[in-house]
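> Before I ask anything, let me first share the structure, which is written out below as structure tokens.
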Amino acid sequence: MKPLVVIGLGNPLMGDDGVGARVAHLLAEDGEVTGRADVLSGGTDLLRYQDQMEGRRQVILIDAEVSACEPGQVRLVEESPRENRPESGHTLSAAQALELMRRVTPSLEGTRFTWVLVSVRGAHPGTDLSPEVAAAVRRAAEAVRRVLQRQA
Amino acid sequence: MSTIVIEHLARVEGHGGITVELEGDTVTKVHFDVFEGARLLEPLLKGKRYDEVAPILSRICAICSSAHCLTSLKATENAFGIRVSPQTEMLRELIFRGESIESHALHLFLLALPDYLNYPSAIALSADKPAAVLLGLRLKKLGNLIQEVIGGRAIHPVNALLGGFGRVPAVDQLIAMRSSLLQAMADSDTVIDLIASLPATDFCHSDTLYAALRSPNLDTYYMGDEAMVVSNGNRAIVPAADYRSLTNEQSVPHSNAKHSTFQGNPFMVGSLARLTVNPRRLTGKLAVAMKRLKLTLPSDNPMDNNKAQALELINDVERALEIIERLLRDGVRDERAMPVHARAGTGTAITEAPRGLLIHSYTYDEEGRILAADVITPTALNAASIEQHFRRAVEQCADRDEAVLSRRLQMIARAYDPCISCSVHLVRKG
Numbered sequence: 044m045k046p047l048v049v050i051g052l053g054n055p056l057m058g059d060d061g062v063g064a065r066v067a068h069l070l071a072e073d074g075e076v077t078g079r080a081d082v083l084s085g086g087t088d089l090l091r092y093q094d095q096m097e098g099r100r101q102v103i104l105i106d107a108e109v110s111a112c113e114p115g116q117v118r119l120v121e122e123s124p125r126e127n128r129p130e131s132g133h134t135l136s137a138a139q140a141l142e143l144m145r146r147v148t149p150s151l152e153g154t155r156f157t158w159v160l161v162s163v164r165g166a167h168p169g170t171d172l173s174p175e176v177a178a179a180v181r182r183a184a185e186a187v188r189r190v191l192q193r194q195a
Numbered sequence: 062m063s064t065i066v067i068e069h070l071a072r073v074e075g076h077g078g079i080t081v082e083l084e085g086d087t088v089t090k091v092h093f094d095v096f097e098g099a100r101l102l103e104p105l106l107k108g109k110r111y112d113e114v115a116p117i118l119s120r121i122c123a124i125c126s127s128a129h130c131l132t133s134l135k136a137t138e139n140a141f142g143i144r145v146s147p148q149t150e151m152l153r154e155l156i157f158r159g160e161s162i163e164s165h166a167l168h169l170f171l172l173a174l175p176d177y178l179n180y181p182s183a184i185a186l187s188a189d190k191p192a193a194v195l196l197g198l199r200l201k202k203l204g205n206l207i208q209e210v211i212g213g214r215a216i217h218p219v220n221a222l223l224g225g226f227g228r229v230p231a232v233d234q235l236i237a238m239r240s241s242l243l244q245a246m247a248d249s250d251t252v253i254d255l256i257a258s259l260p261a262t263d264f265c266h267s268d269t270l271y272a273a274l275r276s277p278n279l280d281t282y283y284m285g286d287e288a289m290v291v292s293n294g295n296r297a298i299v300p301a302a303d304y305r306s307l308t309n310e311q312s313v314p315h316s317n318a319k320h321s322t323f324q325g326n327p328f329m330v331g332s333l334a335r336l337t338v339n340p341r342r343l344t345g346k347l348a349v350a351m352k353r354l355k356l357t358l359p360s361d362n363p364m365d366n367n368k369a370q371a372l373e374l375i376n377d378v379e380r381a382l383e384i385i386e387r388l389l390r391d392g393v394r395d396e397r398a399m400p401v402h403a404r405a406g407t408g409t410a411i412t413e414a415p416r417g418l419l420i421h422s423y424t425y426d427e428e429g430r431i432l433a434a435d436v437i438t439p440t441a442l443n444a445a446s447i448e449q450h451f452r453r454a455v456e457q458c459a460d461r462d463e464a465v466l467s468r469r470l471q472m473i474a475r476a477y478d479p480c481i482s483c484s485v486h487l488v489r490k491g
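Chains as they are written, first to last, in the working numbering: chain A, 44 to 195; chain B, 62 to 491.
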């Protein structure tokens with residue numbers, strides 16, 4: 044197991060929601076990236092990836108973010124994004140799932156988490172990304188590469 | 062007149078609410094409002110080929126996608142007269158157990174526990190009870206693992222096919238699952254202790270009809286072609302093909318989920334119904350656990366569904382382990398899926414999804430294309446019963462404090478573990 048893991052989140056069947064998975068697929072084809080980190084496409088249930096995160100030095104999570112920003116903006120944050128949505132165990136968001144896992148899993152205490160977030164307008168059925176978000180895929184991948192380089 | 066409106070039920074799947082109206086002490090209206098939009102999957106299926114049906118219908122729900130997929134396969138196989146091998150039946154049962162472990166663990170530890178212990182959420186609960194939340198997450202992960210290994214992935218299985226499986230599990234995968242299941246077996250006492258320690262929830266009593274897959278000699282969620290309805294010692298058997306005489310679905314104005322009644326009465330499906338209909342499985346360790354939970358059957362308290370889920374959770378682990386031990390002992394045959402020869406006809410399947418009876422029924426033309434489809438989910442079957450229990454809870458509550466009533470009603474709704482998104486299908490107004 045490599046000390047770094049990159050997990051692309053989102054549902055590729057729900058348009059821009061799947062941008063995280065799209066970035067992960069791009070990175071998975073880059074030998075330099077896969078030499079340094081494991082790259083996973085994580086779907087929508089981060090709880091399933093607890094095993095993959097335990098024991099890592101750093102976890103990089105790539106996800107779509109509904110925000111007031113223009114679609115396609117990429118931002119990198121160390122803290123989990125704040126959310127204003129009801130919590131449901133059936134539909135925990137990635138940030139809520141991560142918070143839950145970090146609270147109850149001692150072996151995640153030493154792990155550093157970094158989010159690469161791509162702003163989107165929303166999620167709609169379909170496999171295509173909007174032009175603005177599609178254009179952000181390479182920039183988000185670059186952001187991940189920079190984080191990995193800092194860790195080298 | 063006073064009105065209690067709960068606009069959004071928290072910690073359930075999908076969007077629903079509750080409306081209660083009172084005139085003095087008289088309850089004049091109780092509605093379980095399901096405003097989730099209809100999924101319209103059945104009309105979408107019209108004209109689709111037989112091999113497209115299960116992958117589409119599994120998308121009804123990400124929580125019970127395995128149950129929908131396997132029930133769909135069973136219905137199509139019934140329509141075409143395909144008999145799968147005993148090994149396939151066993152592997153399908155194993156997927157059902159995995160899904161049940163995942164679903165019950167999620168419900169009990171992340172949704173019900175906060176209710177009983179007065180926490181607003183599982184995240185808040187985790188600050189004070191990290192071990193309980195961790196146990197729930199571990200069990201949930203185990204359920205996912207089983208579905209992933211046998212079904213090809215944890216959600217929307219791709220390895221379960223008409224007539225069998227694309228590939229069978231490898232021995233090392235079975236050994237890895239056995240190891241996790243043995244760990245879960247060791248956690249069984251903790252699960253029961255935890256649920257037994259929760260405060261009593263004694264605020265709704267009502268004679269209840271229960272309906273479940275009839276499996277008198279087998280402990281199964283997958284096999285069997287009859288439902289049984291039980292009430293006050295009376296029993297009625299309904300063959301799968303005659304499911305409409307069980308469901309008698311009717312549209313109601315306040316809900317996108319139809320209401321089902323059997324001989325004019327609402328009925329409850331799910332864990333409590335399964336144990337009530339098939340009490341023979343309650344032997345040995347389960348009988349001891351049942352005593353520790355102070356559960357007696359038939360129960361008149363819908364909150365006991367949580368206790369029944371705890372019993373099923375430890376039973377699911379044991380049953381999954383038995384199946385794996387048997388596969389390891391007898392060896393897994395590398396068998397191919399049975400050939401499919403499409404023909405005109407109707408096939409109906411009933412199974413037990415984690416939340417209760419699940420019914421799929423399809424009519425095919427001679428080329429194997431869908432002419433008509435009908436899918437009835439456990440939460441839709443439960444909708445009328447949920448309303449009935451809401452009404453009883455309000456009638457039996459001496460304290461008309463809105464906060465008290467509101468909390469009780471939400472706890473009853475959550476005890477059913479409803480999957481509201483699944484409960485809505487094509488609504489024919491009229």
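Note that beta-carbon positions come from the ideal geometry of N, C-alpha and C, so glycine has one too.
Fair warning: this is a prediction, and the values are worked out from it, not measured in the lab.
1. Going by DSSP, what residue range makes up the beta strand (DSSP E) through A/Gly86?
2. What are the residues in the region 208-225 of chain B lying within 8 Å of chain A by C-beta distance?
3. Just list the residues that DSSP pairs A/Arg118 with in beta bridges.
4. Classify B/Ile211: buried if its beta carbon has 16 or more other beta carbons within 10 angstroms, exposed otherwise.
5. Report buried or exposed for B/Thr149, applying the criterion of at least 16 other Cβ atoms within 10 angstroms of its Cβ.
6. Run through the DSSP bridge pairs and tell me what B/Ile298 is partnered with.
7. Which first and last residues belong to the alpha helix (DSSP H) in which B/Ser422 is found?
8. Does the CB of B/Ile79 have a neighbour CB from chain A at under 8 Å?
9. Please list the partners that A/Arg182 has in chain B, where partner means a Cβ-to-Cβ separation under 8 Å.
10. For a cutoff of 8 Å on Cβ pairs, would you count B/Ala297 as touching chain A?
11. So what does B/Val145 bridge to, in DSSP terms?
12. Below 8 Å between beta carbons: does that hold for B/Cys130 and B/Ala215?
13. Below 8 Å, can you find three or more Cβ-Cβ pairs linking the region 317-327 of chain B to the region 352-361 of chain B?
14. Using 8 Å as the threshold, is the C-beta distance between B/Gly225 and B/Glu113 below it?
15. Would DSSP call B/His320 helix, strand or coil?
16. Hey, does A/Thr77 have any beta-carbon neighbour from chain B nearer than 8 Å?
17. For A/Met44, does the count of other Cβ atoms within 10 angstroms reach 16, so buried, or fall short, so exposed?
18. List the DSSP bridge partners of B/Gln311.
19. Have a look at B/Ser332, B/Gln234, B/Gln471 and B/Leu169 and flag the residue whose alpha-carbon is nearest the alpha-carbon of B/Leu186.
20. Can you tell me where the alpha helix (DSSP H) holding A/Val48 begins and where it ends?
21. Which residues in the same chain have their Cβ closer than 7 Å to the Cβ of B/Arg380, if we skip the five residues on either side of it in sequence?
22. Opposite A/Met44 in the DSSP bridges: which residues?
23. Can you tell me which of B/Ile207, B/Val66, B/Arg144 and B/Arg452 puts its alpha carbon nearest to the alpha carbon of B/Asp268?
24. Using 8 Å as the limit for Cβ to Cβ distance, is A/Gln93 near chain B?
25. Specify the secondary structure class of B/Arg489 as computed by DSSP and reduced to three states.
26. Could you work out which residues of chain A lie near B/Val202, taking near to mean beta carbons separated by less than 9 Å?
27. Only counting the same chain, and skipping five residues up and downstream in sequence, which positions put a Cβ closer than 6 Å to that of A/Arg145?
28. Alpha carbon to alpha carbon, how far is B/Thr87 from B/Ala414? Give it in angstroms, no decimals.
29. Closer than 7 Å, Cβ to Cβ, to anything on chain A: give me those residues from the region 170-199 of chain B, in chain order.
30. According to DSSP, which residues form a beta bridge with B/Tyr177?
31. Just to confirm, are B/Thr132 and B/His402 a CB contact at a threshold of 8 Å?
32. Start and end of the alpha helix (DSSP H) containing B/Phe451?
33. Within 8 Å of any Cβ in chain B, is that where the Cβ of A/Ala146 sits?
34. Does the beta-carbon distance from B/Ile156 to B/Asp286 come in below 8 Å?
35. Have a look at B/Ala318 and B/Ala476 and give me their C-alpha separation to the nearest angstrom.
36. How would you call B/Lys90, buried or exposed, if buried means at least 16 neighbouring beta carbons within 10 angstroms?
Concretely, from the data shown:
1. Ala80 to Gly86
2. Ala215 and Ile216
3. A/Leu160
4. buried
5. buried
6. B/Met289
7. Segment Gly417 to Tyr425 is the beta strand (DSSP E) holding B/Ser422; no alpha helix (DSSP H) there.
8. no
9. Under the 8 Å cutoff, chain B gives no residues; its nearest Cβ is about 30 Å from A/Arg182.
10. no
11. Answer is none; B/Val145 lacks a bridge partner.
12. no
13. no
14. no
15. strand
16. no
17. exposed
18. B/His320
19. B/Leu169
20. Segment Leu47 to Leu52 is the beta strand (DSSP E) holding A/Val48; no alpha helix (DSSP H) there.
21. Arg158 and Asp280
22. None, per the DSSP bridge assignment.
23. B/Arg452
24. yes
25. Because B/Arg489 sits at a pLDDT of 35, beneath the cut-off of 50, its placement in the model cannot be relied upon, and the following sentence gives the value as read from the coordinates. B/Arg489 falls in the coil class under three-state DSSP.
26. As written in the sequence, residue 202 of chain B is Lys, which differs from the Val given in the question. Within 9 Å Cβ-Cβ: Leu90, Arg91, Gln93 and Asp94.
27. Leu151
28. 37 Å
29. Leu171, Leu172, Ser182, Ala183, Ile184, Ser187, Ala188, Pro191, Val194, Leu195 and Leu198
30. Paired residue(s): none; B/Tyr177 is not in a bridge.
31. no
32. Pro439 to Glu456
33. It is worth fixing the name first, because residue 146 of chain A is Arg in this sequence and not Ala. For A/Arg146, the answer is yes, since a Cβ of chain B falls inside 8 Å of its Cβ.
34. no
35. 18 Å
36. exposed
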